[in-house]
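Let me begin by presenting the structure, written as C-alpha cells, before commenting on it.
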Amino acid sequence: MQALQIFLQNWIYLIGAMAIFGIGLYITLTNENIFKIIVGLDIIESGTNLFMTAIAWHPKAVMPIYTATNQLVVNGKVVSADPLPQSLVLTAIVIGLGTTALALTIAVKIFEKYGTLDVRKIKEAKR
Amino acid sequence: MNSNIIWLVFTPLIGSAIAAILYRVKFLDRLVTFSTFAITLLLLFSVHVGQSYTFNLNFMGKIIPLSWNVTHLSIFMLYISVAFGTLLTFYSLMDKSRMKGFLLLLILAANNWIFTTNDMVGFFFAWELMGWASIVSVLGGRDENSSRHAALYYAMMSIAGSYSMFFGVFTLWKLTGSLSISTNVAYLSSIVGMHPWWVLGIVSLFFVTFMIKAGIFPFHTWVPMAYAYAPDTFTPFLSGVMSKYGIYGMLLFLPISLMEKGMPAAFGLPWVNYIFMWIGVTTAVVGTVLAFFQDDVKKLFAYSSFSNLGYIVAAISLFSSVGVTAGIYHAFNHLLFKGALFITLAAVISRTGTSKMSEMGGLWRKMPVTFFTFFIGIASAAGIPPFNGFGSKWLIYQAMIKQHLPFATVMLFLASTGAFMYLFKAFHSVFLGQRSARYDNVKEVPVVGQIVEYLLMFAMIFFGVQPGYILKPIGAIVSSMGLKPLPTMANGYVTGMFSNVYVPLISWSLAISFTVGFILFFISAKHKYVSQSDNYTAGQIPEEWNLTPETYQFSWKFYEPIEGIFAPFFRIKIDGFFRGLANWTAATSSAIKEIFVSNAQIYAFFAVAGLIIFVIAGWVA
Amino acid sequence: MRNDTPALVKRITALSLITILLIGFFLAFKEMPKGSAVNVNQRVSRLYVMKNVETATKMMENGKFFAKGIKPLRTDVPYTPITFGKSKNLEDGAANVVTSIVVDYRGFDTLGEVTVLFLAATGVAMLLFGKEKKRKNKTEPSLIMYVGTRISFAIIFLFGIYIFVHGHLTPGGGFPGGAVIASGILGLFLGKNGYKPNHLGLKVFESLSGMAFVIIGLTGLFSVHSFLANFLPTGVIGDLYSAGFIGLIYIAIGMKVGAELSAVVNSMIVDVEEEWS
Amino acid sequence: MNIFNNAALLIGVPLLFAFSIPLFGLISKELAKWVTLLTIGFNASFSFYILFAHKYPTMVVMGNWLPPFGENLYIGPVAAFLVFVISMIGLLIAIYNLWAIKKGDVIRFSVLFLMFTAGASGIVLTGDIFNLFIFMEITGISSYALAAFGPERRALGGAFKFLVVSSIGSTLYLMGVTLIYTQLGTLNIAEIAARINQTTPGLLTFAGILIISGLAVEAELFPFNGWVPDTYTGAINGVSASLSGIAAISAVYALFRIAMTVFGKSGGAYVSTYGKIDLMALIALLATATVIIGELSALSQKNVKKMLAYSSMAQMGLIAVGFSIGNKLGVYGGIFQLVNHSIAKSMLFLIVGVLVAVGVGENIDDFKGLWKRNPFLTLTFSIGAFSMLGFPLFGGFWSKFSIVAASVQRGGWYDFIIGLVLFASVVEAFYYLRIVAYMFASDVELPKVKTPITPAIPIFILAVSIVAIGIFPQIVGTFSAQAAGELTHKMSGYILHVIPSIAAH
Amino acid sequence: MIIYVATLIVIVVIMLALIAVFSKKLLSAIIASGFVSLGVSGLFFFLQAPDVAITEAAIGAGLSTAIFIIALKKVKKGESKDEE
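Order-wise, the sequence lines are chains A, B, C, D and E. In terms of the working numbering, the first sequence has 24 at position 22, counting the first letter as 1, and numbering is strictly consecutive. In terms of the working numbering, the second sequence has 445 at position 317, counting the first letter as 1, and numbering is strictly consecutive. In terms of the working numbering, the third sequence has 213 at position 191, counting the first letter as 1, and numbering is strictly consecutive. In terms of the working numbering, the fourth sequence has 38 at position 51, counting the first letter as 1, and numbering is strictly consecutive. In terms of the working numbering, the fifth sequence has 49 at position 60, counting the first letter as 1, and numbering is strictly consecutive.
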C-alpha cells in the first residue's frame, strides 16, 4: 500500500492534469464544430490550471492561509502549499474566462455571418 | 582630400531632388536635368587623378570609412559618360518622350559614385541606386505592357546580380576585414597562387553581376527588351553608358585575372581568360545573328550593342597591352556611335511615331542631317576607316592574332561582316528606299537636335581621323594596370603590333573618292521621283501577290534566306533557362500557397506538429 | 493536411501527436520535483509566506543572498514567527498569503489581469454592438423563477461582497466575489424576459472601480515613490483592517469584475441588429 | 542601479485612461478617439524623453519590492528604443483611426486600440516572465477583438483562427514557465537568466521548446504562422497596420529576449542556448522556412492586402534570421530591419486603407494607372515598397545590408541560409515591383482621386521618416547598436543592471 | 487515505472529459466541460488551494458554462430561425 500511496501522491495529479490537457487538445484538433473547439480550449485551460496547482502541492502541505489554528511555518520550515503558483492560477483562470467569452462572441458572429459553424467552411472564396 | 569629388555625387542628387519637385512642368524638368549634367561636367575639370576623399559613416555599430579616389580609369570613364550625358540631355530638351529627369540624375549620381569609389559599401550602394533608378525609368516606355514586362525582366536580372555581388562583398570582408576595393583586390591577387579556386569563386561572384549589367552571353536576354521598350531618350544612355559599368567592374578585378603561374595556360592564356574570351566571342556572334531578323529598329540596335560588348570583353580578357587598349578604345567608340545611332533613332521615331523598319523608308530627303549622322554612325559601327569604329576593331583583331587565336579571330570577322549586313539593312530600310505617303509632312529635327547631331558627326569623324587624342589617356590607364602602353606617334597613328596605320591618309583618300562618286551621281543620273507603289510591278498590282503597303517596303523579310540557314540554331532558346526558372518559381508559389488552407484547426495541427518535431529533435540531439 | 482529409486520418495523427507530446511532458516530469520532493523553502514563495522579503532585500543588497555560483540562500533568511491575531504591522498584513502575493508582492500582475478581463468584456460588447431587436416568441419564465431569483439575488449579492471584503482573511477575493455577484445578476436575467439592467450605471461603475484600482496604484507611486506600493499601515494580522491597501484594491476588483461579467452576460443575452450600413 | 519609478507612468497612464474612455465616450465619440490619441502621445513623448535624455538603463520597481522578489520593468537601450517606436507608430495609426473609424462601436474600439499599444509597450518593458505572459494576453485579446471588428465577415474568420492558434501558444508558454519555476523557484527574468544552467538539461530543453513555440506563434515563425494571412487580410486596414507594425515589434522582442537572454550562454562570439539543442539554430531554421514560404506564397496573390500580409510574414522571418545569427552585427541588422519593417509595412497598410475607403479596390488591377489618379499615395506606396526591398536611399537598405553581412561573416551553413533568403527577396522584389509597375502604367483613363487630409498626415510622416533613415542611417543605427550590445551580452547587458549583487563575489 | 479519494475524482474528471469528446450533441459536451471544471475545482480543494478552488468554481463551473449555454441558445435559435 505504502508504495502505491507514494506513487499516487507523486503522479496522480500530474497524470490527471496531463490527461485533461491531452483530451482538450484532442477535441480542438479533431472537431469541425467551432463550439467544440472552444470547449476544447476551455478544457485545455482547466488542464493547465490543474497542472500549475499540482506542482505547488506536497503531501504534507497545509492551506497557505494564516488562521488561528493553521500553522504555516513549523520550526523554521514552510509546510504550506506554495502560494505563488496558486496566485498565477487565479490569474490564468480569469484569462481563460476572458478568452472563452471572446471566442464565443466571435463564434456567434461567425454563425450569424457565415451561416455555418463548420470550421472548414469559414473561408473566403479563393480568387 | 579634394571635396569636389563629393560634389560630383551631391550635385546630381540635389539636381534630381529639384527635378522631382518640378516634375509637373515638363520643360523645366528637362532644363534642370541638362543644367545639372553641365555643372557636373564643369566640376569634373576640377577633379584630377590621384585625389581622394574619405567620409566616416557611423553604421553597423562602428565607423565605416567611405573612401573615394580618382584613378586614370575613373577619370576617363567619368569624362566620356558625363560628356555623353550632357549631349543627350541637351538633345532631349526638345524631345517629348516620357523620360523622367530626376531618375536620370539619380543614375548620374550613382555613375559618378561608382567610377570614383574605392570601398565596397559605396560601390554596392551606388550600384543598387543605379539599378533601381534605371528599372523605374525603363518603366516609362511608349508601349505600356511590354515596357512593364521588360522592366520587370530587367529588374529580376539586375537585382539577382546585385545580390551575388552582395555575397562577394561580404566574403571578401570576412577574409580581409576591410571594405576597400584596392586592399581586397591586392589580397586576392596575393593569394591567387595558393588556392586559385577560392579566388575564382569570389571573382566569379563579382563577374556575374558585371556580365548581367553589360549583357554578356548567358545573361544577355534582358538587353533587347529593355533597350527596345525603354523611353527613346533613355535608351542612348542605357546602351551607351550603363553597359560600360559592367566593363568598368571587370577592369577593376582584371589585374588579378589569374595571370600568375597558378593557372594552367591554354593557347598562351590562363584558361579562365580563354573561356572568358570565348564568352565574349559568342556574345558577339549571337548578337549579330539575332540582329539580322529584327523588324523593330531599336531591338536591332540592342542586339548590335551587346554584340559590340562581346568584342570589348573578348579584347579585355586577353589582358595584353594591345588587347586592353583595344577593349577600352572600342568601349569609347561604341559609346559614341551607339549613342549617335540611338539619338538619331529617337529623332526618327519621335517624327514617324513607329519603330518598325517595315513601316519606315525614304526619310533621307525629309531629315537630311539625321540621315547623315545615321550614315556616319552606321559606317563607324561597321568599322569603315575614316570613322572612329575602325581603329578599335582593327586593334582588337591585332590583339587576337598576336595571341595566336586564329579560330576566335575568324569568328569575330564573321560577326563584323554580319554587323555590316544588319547595319546596312537598318540604314537602307529607315532612310533609303521609297517613302510611303504617310511621311510626306515629316519635318527635320528642330535646331537643338541638329546641333547635337552635328556635334556627334564631328566627334565620330574627329576621333576616327585623329585616334591619338583618345589613345593617350587609354595608354595611361593601361600603364596604371601594369602593362606596357601602345606607342602612339603623332596623333594620327594607330599602331598595332606589326603594322601601323596612318589613318589621316586613308581617310583623305576615302573622302576624295567618295565626293567624286557623289558628284558623278548628281551630274549624270536622270532620276525622277517614283512613288512607292509603282516601282515593283511596273504598274500592275497582281491580286495573287496580295501585296500590302508594308510588304512593298523591301525590308520586309530582308534576310529570309539567311534566316533559313540559322533556323536550326533558334530552337535552343537562350532565355529558356530563365523562363524555366520563372515558371518553376510560379509553380512552387502556387503549390506553397496551398499550405494556408484557412482552416483554424489545420493551423492548430501545424502548430502542434511543429512542436512535436522539435520535441523529438530535443530527444534525438 | 488538407481541408478534406478524412476524419479518421485526422484523428489518428492528432492522437499520435498528443501521445508524443504527453510522453515529452512525462519525461520532463521525471526530472521535476513532485509530490514529496516539492520543497517550498527552495522557492521565492518561502519569503512571501514568512513575510520577510524586506530582510531578504537587505541581505541581497549587501551581497549575502546569492552565494557562489549564483545559489540563492533563501533558506537562511532570518524570519520572525507570525502568530495569527497578535503580530503587528508586518511588511504585508494579509493573513491569506495568496492574496498578499496577488495584490501586494505581485500586484502588477493583477492590474494586468483586471485589464485583460476589462478588454475581454469591451471586446464582447464591441462585437455585439447594435440596436436591440424585439424577439417575439420566447417562453416566459414561471412566476416562481421570477420571485425566487429576485430574493436569492439579495443573498448572493451580500455573499459576493462578503467574499471580496474579507479577501485578505478568508480564501477567495476580488475575482470569485465579482463572479458570484455576476451569477446573481445572471439569475435576474433568467428570471424575467427582457430584463434590462441599468446600462449607464454598469458602465460608469465599471470604469470608476477600474480607475480606483489605478488611482490607488498611482497614489502609491506619488506617496511611497513606487507604483502599486502599500501606503496604508498594516494593523494586526487577522483583523478586518489589517492589510493596508489590499482591502481597498479587492473591493475595487470585486465591483469591477461583478459589473463587467454582468455586462458580458447582458450583451450576450440580448439579440442585436448590426448597424454597419 | 538607478531606479526611476516614475517610468511606471508608461503603463499607469494608459491604463487609467483606458478605464476612463467609456466615461469620456458618454460625452462624445470623437472625444474617445482623441483621448486614445493623446494618451499614446503622452507615452510617445515620455519615451522620447527617456530615450534622448539618456535616462536608460534604468529600472522601475513595483510595490517597493526589489526585483528577484517583486516585479520590475527594465528600461535598457532595447526597451527604451522599442517603446518609443511602438508609441510613435501607435500615435500615427491613432491619427489614421480618427478618420477611418466612424461606424460601429467607436468608443470600445479606441479603448481596445489604446490597450493594444500599451500592452505591446508592456511586453517590451516588463522584467518578469509571468508578467510577460499577462501583457501578451492583453495584446492578444485586444488584437483578437480588433481583428474581428468591421463589417466584413472575413474579419471574424481571421480573428477566430488567430484566437485558436495563439491561445494554444500561450498555454504552451505557461506550461514552459511553470516547468522552469519548479526547478529554479523564481519568476524574475534576470534571476532565471542567471541561474538557467542550474536546471536539468532534459527539463530545460523541453521547457525551452514549449516557451519558444508559444512565443513563435506571435512572432509568426513557420509552423505557427498559419493564422497570419487570414487575420491580416480580414482585419480592417488600421488594425492590420497596427498588427504588423506594433504587435510584430513586441512579439519579436519577447521571442529573442527569452531565447538570447534567458536561455542564452554568455560568452562566445555567437549566442547559443543551453539545453540539448541550440534554440537559436532552431529559430534560424524556422525563420528561413518562414521567409521562403512567405515570399513564394505572396508571389501568386492578386489581392494587394493579402500580398502585404504574406510579405510581412516573410519580413518577420528575415528579422528572425537577423537576430538568430547571434553576433552583435546580426542583432543590429535585426533590430534595424524590425523598425524599418514596422514603419514601411504600417504605412503600406494605411495607404491600402485609404485607397479602399476612397473607392479604389484592393486588387492589383485596381491599382493600374494609380499614378495619374493620385500621385501622393502612389509615391508613398513606392517609397514603402522600395524600403521593403532594401533599395538604397531608403531605410531598408542598411538593415538588409547588415543582416547579410552578419550571416556571411558567421559563415558555415549560414551562407546557405542567406542564399535562400536572397533568392526569396528577389521573388519579393518581383511582386513589389509588379505593383509599382502597374501603378505607373498610364494607358488607362480613370477619374482623379483626392486623398483625405487626416490619413495623409501619418502616411506623409512615415514616408519622410523612411527616406530620412535611408539617407542618415545613424538616426536608428546608434540605438540599434546599443540595443544589440544589450541583447548579445546577457550578463553585463541585462542581468547585472537588474540585480547588481547577483554575481558580486 | 485522501489521495485515494483524489484519484477517484481524477478518474471521474477524465471520464467527464471523454464524454465531452465523444458526445454528439453540443449541449452535452458543454455540460460535461462544466462538470470537468467542477471536478477540477474539487481537486484544487485536495491540493490545499482554497482560493483557487472558489475561483474555479465561481468562474470555471458557474460563469463559463452559463456563457456557453447562452451562446448556444443564440446559435440554436438562429438554426431554428433558418428552418422556418
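C-beta: ideal position from N, C-alpha, C; glycine also. Quantities reported herein were computed from a predicted structural model and do not represent experimental measurements.
- Query: To which residues of the same chain is E/Glu72 closer than 7 Å at the C-beta, ignoring the five residues directly before and after it?
  - Reply: As a position in the fifth sequence, residue 72 of chain E is number 83, starting the count at 1. The pLDDT assigned to E/Glu72 is 38, lower than 50, so where the model puts this residue is not dependable; a value taken from the coordinates is nonetheless given after this. None.
- Item | Boundaries of the beta strand (DSSP E) in which D/Thr260 is found, first to last residue | Within the fourth sequence, numbered from 1, the residue matching residue 260 of chain D stands at position 273. Run containing D/Thr260: none; DSSP gives neither H nor E here.
- Message: Does chain E have any CB closer than 8 Å to the CB of A/Tyr28?
- Response: For the purposes of this step, residue 28 of chain A is taken as residue 26 along the first sequence, with counting starting at 1. True, the Cβ-Cβ gap to chain E drops below 8 Å.
- Using three-state DSSP, classify D/Met46 as helix, strand or coil. Within the fourth sequence, numbered from 1, the residue matching residue 46 of chain D stands at position 59. Strand, per DSSP.
- Answer yes or no: do C/Val136 and E/Ile59 have a C-beta to C-beta separation smaller than 8 Å? Counting from one through the third sequence, the residue named residue 136 of chain C turns up at place 114. Counting from one through the fifth sequence, the residue named residue 59 of chain E turns up at place 70. Taking 8 Å as the cut-off, the beta carbon of C/Val136 is found no closer than this to the beta carbon of E/Ile59.
- Item | Beta-carbon neighbours of E/Val1, restricted to chain A and to distances below 7 Å | For the purposes of this step, residue 1 of chain E is taken as residue 12 along the fifth sequence, with counting starting at 1. Neighbours of E/Val1 on chain A: none; closest Cβ ~10 Å, over 7 Å.
- Taking only runs of the beta strand (DSSP E) that begin and end inside the region 183 to 255 of chain B, which ones reach a length of at least 3 residues, in chain order? You should have 190 to 197.
- Query: Alpha carbon to alpha carbon, how far is A/Phe19 from D/Gln469?
  - Reply: Here residue 19 of chain A refers to the residue found at position 17 when the first sequence is read from its first residue. Here residue 469 of chain D refers to the residue found at position 482 when the fourth sequence is read from its first residue. Note that residue 19 of chain A is Ala in the sequence shown, not Phe. C-alpha of A/Ala19 to C-alpha of D/Gln469: approximately 44 Å in a straight line.
- Query: Using the beta-carbon count (16 or more within 10 Å), is B/Arg276 buried or exposed?
  - Reply: For the purposes of this step, residue 276 of chain B is taken as the residue at position 148 of the second sequence. Flag for B/Arg276 reads buried.
- Please list the segments of the alpha helix (DSSP H) lying wholly inside the region 78 to 159 of chain C, counting only runs of 4 or more residues, in order along the chain. The region 78 to 159 of chain C is shown to contain whole alpha helix (DSSP H) runs of 4 or more residues at 129 to 149, in chain order.
- Query: Listing by chain order, which chain A residues have their CB less than 7 Å from the CB of C/Met302?
  - Reply: Examination of residue 302 of chain C is not possible in this model, given that chain C is present from 23 through 299 alone.
- Query: Can a CB atom of chain A be found closer than 8 Å to the CB of C/Val120?
  - Reply: By 1-based counting over the third sequence, the position of residue 120 of chain C is 98. So yes, C/Val120 belongs to the interface.
- Using only alpha-carbon positions, find the residue among B/Ala238, B/Asn197, B/Phe155 and B/Ser265 that is nearest to B/Leu221. Against the second sequence, residue 221 of chain B aligns to sequence position 93. It is B/Phe155.
- Message: Check this for me: beta carbons of C/Val125 and C/Tyr272, under 8 Å apart or not?
- Response: Mapped onto the third sequence, residue 125 of chain C falls at position 103. Mapped onto the third sequence, residue 272 of chain C falls at position 250. Yes, the pair counts as a contact, with Cβ atoms nearer than the cut-off.
- Check each residue of the region 77 to 109 of chain D: if its Cβ is closer than 7 Å to any Cβ of chain C, include it; give the result in chain order. From the region 77 to 109 of chain D, only Lys90, Gly91, Asp92, Arg95, Phe96, Val98, Leu99 and Met102 have a Cβ closer than 7 Å to chain C.
- Message: Please tell me whether C/Met72 has its Cβ less than 8 Å away from any Cβ of chain E.
- Response: As a working note, residue 72 of chain C is residue 50 in the third sequence. For C/Met72, the answer is no, since every Cβ of chain E falls outside 8 Å of its Cβ.
- How about C/Pro193: is its C-beta nearer than 8 Å to some C-beta of chain D? As a working note, residue 193 of chain C is residue 171 in the third sequence. Under the 8 Å criterion on CB atoms, C/Pro193 is classed as non-interfacial with respect to chain D.
- Query: So, is the C-beta of C/Ile271 closer than 8 Å to a C-beta in chain B?
  - Reply: Taking the first residue of the third sequence as 1, we reach residue 271 of chain C at position 249. Residue-level contact check: C/Ile271 does not touch chain B, since none of the beta carbons of chain B fall below 8 Å from its beta carbon.
- Output the boundary residues of the alpha helix (DSSP H) element that contains C/Leu240. Your numbering for residue 240 of chain C matches position 218 in the third sequence. Unbroken alpha helix (DSSP H) run through C/Leu240: His221 to Val246.
- Task: Hey, could you find the ends of the alpha helix (DSSP H) D/Asn290 is sitting in?
- Result: What you label residue 290 of chain D is simply residue 303 of the fourth sequence in a count that begins at 1. No alpha helix (DSSP H) contains D/Asn290, which DSSP labels as neither H nor E.
- Query: Can you name, in chain order, every residue of its own chain whose Cβ lies under 8 Å from the Cβ of E/Val29, other than the five neighbours on each side?
  - Reply: Locating residue 29 of chain E in the fifth sequence gives position 40, where the first residue counts as 1. Counting only Cβ-Cβ distances below 8 Å, and skipping sequence neighbours, we find Val2, Glu45 and Gly49.
- From C/Ala172 to C/Met290, what distance separates their C-alpha atoms? Along the third sequence, one-based indexing puts residue 172 of chain C at 150. Along the third sequence, one-based indexing puts residue 290 of chain C at 268. The sequence shown places Arg at residue 172 of chain C, rather than the Ala named in the question. Taking the straight line from one Cα to the other gives about 21 Å.
- Query: What do you reckon, are the CB atoms on A/Thr30 and A/Gly42 nearer than 8 Å?
  - Reply: As a first step, residue 30 of chain A is located in the first sequence; it is residue number 28 there, counting from the start. As a first step, residue 42 of chain A is located in the first sequence; it is residue number 40 there, counting from the start. Yes, the Cβ-Cβ distance between A/Thr30 and A/Gly42 is below 8 Å.
- What are the residues of the region 79 to 102 of chain A that lie near chain D, defined by any Cβ-Cβ distance shorter than 8 Å? Residues of the region 79 to 102 of chain A with a Cβ closer than 8 Å to any Cβ of chain D, in chain order: Leu86, Pro87, Leu90, Thr93, Ala94, Ile97, Gly100 and Thr101.
- Message: Looking at chain B, is there any beta carbon in it that lies within less than 8 Å of the beta carbon of A/Ala21?
- Response: Taking the first sequence and counting its residues from 1, the one referred to as residue 21 of chain A is at position 19. Output row for A/Ala21: interface = no.
- Distance between B/Ser174 and D/Ala66 (C-alpha atoms, nearest Å): Position 79 of the fourth sequence, counting from 1, holds the residue named residue 66 of chain D. Position 46 of the second sequence, counting from 1, holds the residue named residue 174 of chain B. Looking at the backbone, the Cα of D/Ala66 and that of B/Ser174 are separated by about 50 Å.
- Item | Cβ-based contacts, 7 Å cut-off: residues of the region 712 to 733 of chain B near chain A | From the region 712 to 733 of chain B, only Ser726, Asn727, Ala728, Gln729, Ala732 and Phe733 have a Cβ closer than 7 Å to chain A.
- Task: List the whole-angstrom C-beta distance separating D/Ile306 from D/Val72, where the pair is believed to meet the contact cut-off of C-beta under 8 Å.
- Result: Locating residue 306 of chain D in the fourth sequence gives position 319, counting from the first residue. Locating residue 72 of chain D in the fourth sequence gives position 85, counting from the first residue. Contact annotation, D/Ile306 with D/Val72: C-beta distance approximately 13 Å; criterion of less than 8 Å not satisfied.
- Classify D/Gly201 as buried or exposed, calling it buried when 16 or more other Cβ atoms lie within 10 Å of its own Cβ. On the fourth sequence, residue 201 of chain D is found 214 positions in, with the first residue counted as 1. Counting Cβ neighbours within 10 Å, D/Gly201 comes out buried, since at least 16 surround it.
- Query: Could one say the Cβ of C/Thr171 lies closer than 8 Å to chain D's Cβ atoms, at least one of them?
  - Reply: Counting from 1 along the third sequence, the entry for residue 171 of chain C is found at position 149. By this cut-off, C/Thr171 is not an interface position.
- Task: Going by CA-CA distance only, name the one from D/Val436, D/Lys252, D/Ala276 and D/Gly127 that's closest to D/Ile183.
- Result: Translated into positions along the fourth sequence, residue 183 of chain D becomes position 196. Looking at the Cα atoms, D/Lys252 is the closest of the given residues.
- Query: What did DSSP end up calling C/Thr171 once you bin it into helix, strand or coil?
  - Reply: Taking the first residue of the third sequence as 1, we reach residue 171 of chain C at position 149. DSSP places C/Thr171 within a helical segment (H, G or I) once states are collapsed to three.
- Item | Beta carbon proximity, A/Ile46 to chain C, threshold 8 Å | Indexing the first sequence from 1 puts residue 46 of chain A at position 44. The C-beta of A/Ile46 comes no closer than 8 Å to any C-beta of chain C.
- Query: At which residue ranges does the region 16 to 62 of chain D contain complete beta strand (DSSP E) runs of 3 or more residues, listed in the order of the chain?
  - Reply: The region 16 to 62 of chain D contains these whole beta strand (DSSP E) runs: 45 to 48 and 59 to 62.
- Buried versus exposed, by CB contacts within 10 Å (16 or more), B/Met370: Taking the second sequence and counting its residues from 1, one reaches residue 370 of chain B at position 242. Buried is the call here.
- Throw me the rounded Cβ distance for the D/Ile338 and D/Phe381 pair, which I believe falls under 8 Å. For this step, residue 338 of chain D is matched to residue 351 along the fourth sequence. For this step, residue 381 of chain D is matched to residue 394 along the fourth sequence. At roughly 15 Å, the Cβ-Cβ gap does not stay under 8 Å, so D/Ile338 and D/Phe381 are not in contact.
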